[in-house]
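Everything below concerns the one structure shown next.
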Amino acid sequence: MSNLLVVLTGPSGVGKGTLLQSLLLQHPDIYVSISATTRPPRSGEVEGQHYYFLTPERFQAMIAAGEFFEWAQFAGNFYGTPRAPVMQRMEQGQRVILEIELEGARQVRQTAPDAFQIFILPPSVDELERRIRGRGQDDDAAIARRLKQAKVELAAADEFDLQIVNDDLDTALSSLEAALFKTPLC
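Numbering (our numbering), first residue to last: -17 to 168.
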């Protein structure tokens, strides 16, 4: 199993982004993949930094050519992880992390079976709900949808090479670092 290509997933609200940002502060040499999307850029988003913004036709052509590690369609737009920039970084010996959803992680398992797959767990579903509510971004119906999806995703945690409970950020970060850096890059 390669630890050059790392998949990081877990339910919405579990703290994947916070954990990843903390990891990058300690290890700025890690490359986090940039997704492609067919949705228009939002205010402040920069091409090639936040996303690769593609036309639907270009995205479809890339799907047909097998140029994505994974892709999906959400709310009428396509999202995916382009293979070329990730492979370029890996060929340079750089560790690459794909922060993606469960279905994308499953696709990567098919397209890159040697990727190291990590699932981030909440300490409990109640704590996950508290975190989601604490963001103040969703109404009760959206929170209910997120929690329903989270239960589906949590049931899949055993599919992953490693599970890390994000109860305490420092402890979770230490576990993530130990998993990524205990062996040389391969």
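Backbone N, C-alpha and C fix where the C-beta goes; we use that ideal spot for every residue, glycine too.
- Query: Do residue 98 and residue 145 have their CB atoms nearer than 9 Å?
  - Reply: No, they are not a contact pair.
Problem - Own chain residues within Cβ distance below 6 Å of residue -12, not counting five before or after - result: 79 and 98, listed in sequence order.
**DSSP-derived helix/strand/coil call for residue 5** = In the structure shown, the three-state DSSP call for residue 5 is helix.
Please report the residue range of the beta strand (DSSP E) in which residue 64 lies.
According to the DSSP assignment, residue 64 belongs to the beta strand (DSSP E) that extends over 59 to 64.
Are residue 62 and residue 93 touching if we call contact CB-CB under 9 Å? Cβ distance not < 9 Å, so residue 62 and residue 93 don't count as in contact.
Quick one: give me the first and last residue of the beta strand (DSSP E) that residue 36 is part of. No beta strand (DSSP E) contains residue 36, which DSSP labels as neither H nor E.
Next on the checklist: Out of 50, 110, 31 and 159, which one is the CA nearest neighbour of residue 125?
Outcome noted: Nearest option by C-alpha distance: 110.
**OP:** For residue 45, collect the residues of the same chain with a Cβ closer than 7 Å to its Cβ; drop the 5 residues on either side in sequence, then sort them by chain order.
**Re:** Taken in chain order, the residues that qualify are 53.
So what does DSSP say about residue 163, is it helix, strand or coil? Of the three classes helix, strand and coil, the one that applies to residue 163 here is helix, per DSSP.
Given a threshold of 16 other Cβ atoms within 10 Å of its Cβ, counted over all protein chains shown, does residue 77 qualify as buried or as exposed?
Buried, by the Cβ-count rule.
Check whether the Cβ atoms of residue 64 and residue 56 lie closer than 9 Å to each other. At the C-beta level, residue 64 and residue 56 stay beyond 9 Å of one another.
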